[in-house]
Amino acid sequence: MAFLIVYDGSEDGNRIELTETNEVFIGRSADRSDIVIPAGSISGRHCLLTRGSEHFTIKDLDSTNGTFVNDDRVDDEAEVYRNDIITLGNIQMVIGGNDVPARDTSDLVSDAPPALQPGTGSPMIRATSTQTIKVLPTSFQKKKTGNKAWIVLIVVAVIIALGLLWYLIRM
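The sequence shown begins at 33 in this note's numbering and counts up one residue at a time.
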């Protein structure tokens, strides 16, 4: 089964299983994305990862900070292969799994990023967690701001009541 492993931010090391669905929206907004990554550099609905019959593709959805595959900016859509490094904003992740086709590196090895060069290992690939999650926890839910108005109103009412009580006692 295909999966993503996140290598930055609060979700570092988390593994996200890509279920058998053909399209997965990735972004910061829980209402608009199938996979939620709570990072300020990721747009609400950042990109679309699509499973095709022979390969995966990723499409940038006019995100603010861009979508990159192996440091190449995705202007519209790009093919994604096993062990490719996907960067959304400043969050990096690697796609893996037996059903993700491998990139033919026979003529690309010298130009490949360090994570893909044979024998060099990768400082980024340090998956210590095998926790499987479908949606990352979101810390970007709207916070209730109406509480401050009530607190101010109560404080003002208490001050007026104390002033009135002091006035009545002095009379």
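Glycine included, each C-beta is placed from N, C-alpha and C at the ideal position.
Taking the CB atoms as reference points, tell me whether Glu111 and Thr89 lie closer together than 8 Å.
Result yes, Cβ atoms of Glu111 and Thr89 sit closer than 8 Å.
At which residues does the beta strand (DSSP E) containing Val38 begin and terminate?
Per DSSP, the continuous beta strand (DSSP E) segment holding Val38 begins and ends at 35–38.
What does the alpha-carbon distance come out to for the pair Ala144 and Asp63?
Residue placement at Ala144 cannot be trusted, given a pLDDT of 49 that sits under 50; the coordinates are not used to answer.
DSSP-derived helix/strand/coil call for Ala181
Helix, per DSSP.
Just to check my reading of the structure: Ile74 and Gly59 have Cβ atoms closer than 8 Å, yes? What is that Cβ distance to the nearest angstrom?
Yes, Ile74 and Gly59 are in contact; Cβ-Cβ is about 6 Å, under 8 Å.
Find the nearest neighbour of Tyr52 within the set Tyr199, Leu81, Arg77, judged by alpha-carbon distance.
It should be noted that the sequence gives Glu, not Tyr, for residue 52. Taking only the C-alpha atoms, the option nearest Glu52 is Leu81.
CA nearest to the CA of Glu109, picked from Asp103, Lys91, Gly129:
Ranked by Cα distance from Glu109, the first of Asp103, Lys91, Gly129 is Lys91.
Buried or exposed: Ile123, going by 16 or more other Cβ atoms within 10 Å of its Cβ?
So Ile123 ends up on the buried side.
Which residues share a DSSP beta bridge with Glu111?
BP columns for Glu111 point to Thr89.
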